[in-house]
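Visitor:
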Amino acid sequence: MSSPRVIAIDGPAGSGKSTIARALADHLGLEYLDTGAMYRAVAFAALRARIDPGEAAAVVAVAQAMDLVLDRTSCVVDGVDATEAIRGAEVTAAVSTVAAVAEVRKELVERQRAWVAERGGGVVEGRDIGSVVFPDARLKVYLTASPEVRARRRAGEIGDADVEWVAADIRRRDDADSGRVASPLVAADGSVTIDTSDLGIDEVVAVIVGLL
Ligand code: DC
5 MSSPRVIAID
15 GPAGSGKSTI
25 ARALADHLGL
35 EYLDTGAMYR
45 AVAFAALRAR
55 IDPGEAAAVV
65 AVAQAMDLVL
75 DRTSCVVDGV
85 DATEAIRGAE
95 VTAAVSTVAA
105 VAEVRKELVE
115 RQRAWVAERG
125 GGVVEGRDIG
135 SVVFPDARLK
145 VYLTASPEVR
155 ARRRAGEIGD
165 ADVEWVAADI
175 RRRDDADSGR
185 VASPLVAADG
195 SVTIDTSDLG
205 IDEVVAVIVG
215 LL
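Sequential numbering from 5 applies to the sequence shown in our numbering.
1) May I have the straight-line CA-CA distance separating E66 from W119, to the nearest angstrom?
2) Tell me K110's beta-bridge partners as DSSP assigns them.
3) Between S150, G40, R131, which lies nearest to K144 when the distance is taken from Cα to Cα?
4) Going by beta-carbon coordinates alone, are V46 and V108 separated by less than 8 Å?
5) By how many angstroms is the C-alpha of K21 removed from the C-alpha of G204?
6) Between Q116, L147, A60, which has its C-alpha nearest V105's C-alpha?
7) Using 10 angstroms around the beta-carbon of G239, count the other beta-carbons present and answer buried if the total reaches 16, otherwise exposed.
8) Distance check for A50 and E94, CA to CA, integer angstroms please.
9) Would you mind listing the alpha helix (DSSP H) stretches within the region 123-181 that are 4+ residues and don't spill past its ends, in chain order?
10) Quick check on the DSSP output: the beta strand (DSSP E) that includes A104 runs from which residue to which?
11) Do A103 and the ligand DC come close, with the Cβ less than 7 Å from some heavy atom?
12) From T23 to E114, what distance separates their C-alpha atoms?
13) Within this structure, are the beta carbons of G134 and S187 separated by less than 8 Å?
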């Protein structure tokens, strides 16, 4: 699939993906898609239906039936505002299990491609955007940061969270996301890796714009 107007931003939790992808989309006047929010929405819908996230077949059915309205400020799942809940501890604990199910990924990848086809392009962030969803993206960026910086960023987003606890949670999700069989987190072929540990948002955006 040729996707000349897609900019793929991948990387682990706390690497700065969402912040950078949004700022880049604003800078370029492009739309922005947070695919992590889509996996979180499936976890939310499963939990709401009282389905165990480990019950793959039931989770797949939920994903396929899910009505998802996602934009930059809100996430509505089957008519229910899930904007805050998808960032909560319950969904965060379940999302890696749900994201490891190949049929769930297939469903969401189709929706991601349809989203881009409707808009003619955009900045798309996730874990497998450059490797699987849009291998022909115009530019593929893989963001990283040191584990300490990532934990501090995530703890800051959550509020008063304990940095040690967040660091352990990030490690658990890194292992799950990198170790799974279906579309593991990897730096895609042809991607450019940027370490954001010591860079500000504007600096990272400037580097990416320079690459374009
Ligand atoms: O970026 P995030 O933390 O909101 O992502 C939530 C989870 O979804 C994360 O554990 C990995 C998974 N994910 C994925 O497997 N593929 C994507 N394209 C985006 C997210």
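In this text, a Cβ means the ideal position worked out from N, Cα and C, and glycines have one as well.
Guide: Concretely, from the data shown:
1) Numbered from its first residue, the sequence shown carries residue 66 at position 62. Numbered from its first residue, the sequence shown carries residue 119 at position 115. First, the amino acid is wrong: residue 66 is Val here, not Glu. Taking the straight line from one Cα to the other gives about 20 Å.
2) Start at 1 with the first residue of the sequence shown, and residue 110 comes out as number 106. Looking at the DSSP assignment, K110 forms no beta bridge with any residue, so it has no partner.
3) Working through the sequence shown from its first residue, we reach residue 144 at position 140. The shortest C-alpha separation from K144 is found at R131.
4) In the sequence shown, the residue the question calls residue 46 occupies position 42. In the sequence shown, the residue the question calls residue 108 occupies position 104. Result yes, Cβ atoms of V46 and V108 sit closer than 8 Å.
5) The count along the sequence shown starts at 1 and reaches residue 204 at position 200. The count along the sequence shown starts at 1 and reaches residue 21 at position 17. So the alpha carbons of these two residues sit roughly 13 Å apart.
6) The residue given as residue 105 occupies position 101 in the sequence shown. Checking every option, the nearest Cα to that of V105 belongs to A60.
7) Past the edges of the chain, shown from 5 to 216, lies residue 239, and the structure says nothing about it.
8) The residue labelled residue 94 in the question sits at position 90 within the sequence shown. The residue labelled residue 50 in the question sits at position 46 within the sequence shown. Roughly 11 Å separates the two Cα atoms.
9) Secondary structure remark: continuous alpha helix (DSSP H) runs of at least 4 residues inside the region 123-181, in chain order: 151-162.
10) The residue you call residue 104 lines up with position 100 of the sequence shown. Per DSSP, A104 lies in no beta strand (DSSP E) segment and is marked neither H nor E.
11) Mapped onto the sequence shown, residue 103 falls at position 99. The ligand DC approaches A103 closely enough that one of its heavy atoms is under 7 Å from the residue's Cβ.
12) The residue labelled residue 23 in the question sits at position 19 within the sequence shown. The residue labelled residue 114 in the question sits at position 110 within the sequence shown. So the two alpha carbons sit approximately 25 Å from each other.
13) Position 130 of the sequence shown, counting from 1, holds the residue named residue 134. Position 183 of the sequence shown, counting from 1, holds the residue named residue 187. For the 8 Å CB-CB criterion, G134 and S187 do not form a contact.
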